[in-house]
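A.B. asks: In terms of the UniProt record's numbering, the sequence shown is residues 1 to 119. Idealized CB from N, CA, C, for every residue including glycine.
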Amino acid sequence: MAETSRSRHRSLYKLVGSPPWKEAFRQGCLERMRNSRDKLLNRYRQAGGNMPVGTQNTFLVQEVMEEEWNALQPVENCPEALAQLEELMDLALLEEIQQELIDQVSTADRAEDPFLFRG
Numbered sequence: 001m002a003e004t005s006r007s008r009h010r011s012l013y014k015l016v017g018s019p020p021w022k023e024a025f026r027q028g029c030l031e032r033m034r035n036s037r038d039k040l041l042n043r044y045r046q047a048g049g050n051m052p053v054g055t056q057n058t059f060l061v062q063e064v065m066e067e068e069w070n071a072l073q074p075v076e077n078c079p080e081a082l083a084q085l086e087e088l089m090d091l092a093l094l095e096e097i098q099q100e101l102i103d104q105v106s107t108a109d110r111a112e113d114p115f116l117f118r119g
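1) Rounded C-beta distance between Ile106 and Asn57? I'm assuming under 8 Å.
2) Can you round the beta-carbon distance between Glu68 and Arg32 to whole angstroms, since I take them to be within the 8 Å contact cut?
3) For Ser18, which three-state DSSP category applies?
4) May I have the straight-line CA-CA distance separating Ile97 from Pro19, to the nearest angstrom?
5) Roughly how many whole angstroms lie between the Cα atoms of Gly28 and Ala111?
6) Our contact map puts Leu60 next to Trp21 with C-beta atoms below 8 Å; I'd like the distance itself, whole angstroms only.
7) Quick one: what's got a C-beta closer than 6 Å to Val64's C-beta in the same chain, skipping five residues either side?
8) Please determine, among Asn42, Thr55, Asn70 and Ala24, the residue with the shortest C-alpha to C-alpha distance to Ile102.
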């Protein structure tokens with residue numbers, strides 16, 4: 001009986017599988033990058049000058065992730081979000097999302113480079 005009670009109590013605070021905000025955050029970042037990619041890339045290319053493309057991509061992804069995180073916060077302002085607070089602070093998860101976004105931006109840059117710098 002005590003084990004069932006503990007399990008039920010724990011299930012209120014522990015989510016099974018991936019938290020729902022993770023996919024919403026990832027999709028929001030991808031959509032935001034698609035919508036404003038040209039503007040953001042031009043700004044970072046101008047500001048970066050001699051900065052390696054990988055570093056520019058990292059800065060771009062960090063900015064997009066911050067914007068999307070701030071946009072996601074009001075939507076997640078509910079009791080369920082409080083239960084997920086520990087998961088939200090999981091740095092490894094955010095770093096994983098960041099690396100996926102950086103890889104996608106790098107792939108897109110390599111595909112566009114032959115067309116951008118024709119002489």
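C.D. replies: Looking at the coordinates:
1) Just to set this straight, residue 106 is Ser in the shown sequence, not Ile. Sure, about 6 Å apart at Cβ, within 8 Å.
2) 5 Å
3) coil
4) 13 Å
5) Gly28 and Ala111 have their C-alpha atoms roughly 23 Å apart.
6) Their Cβ separation, rounded to whole angstroms, is 22 Å, which puts Leu60 and Trp21 out of contact at 8 Å.
7) Cys29, Arg32 and Met33
8) Thr55
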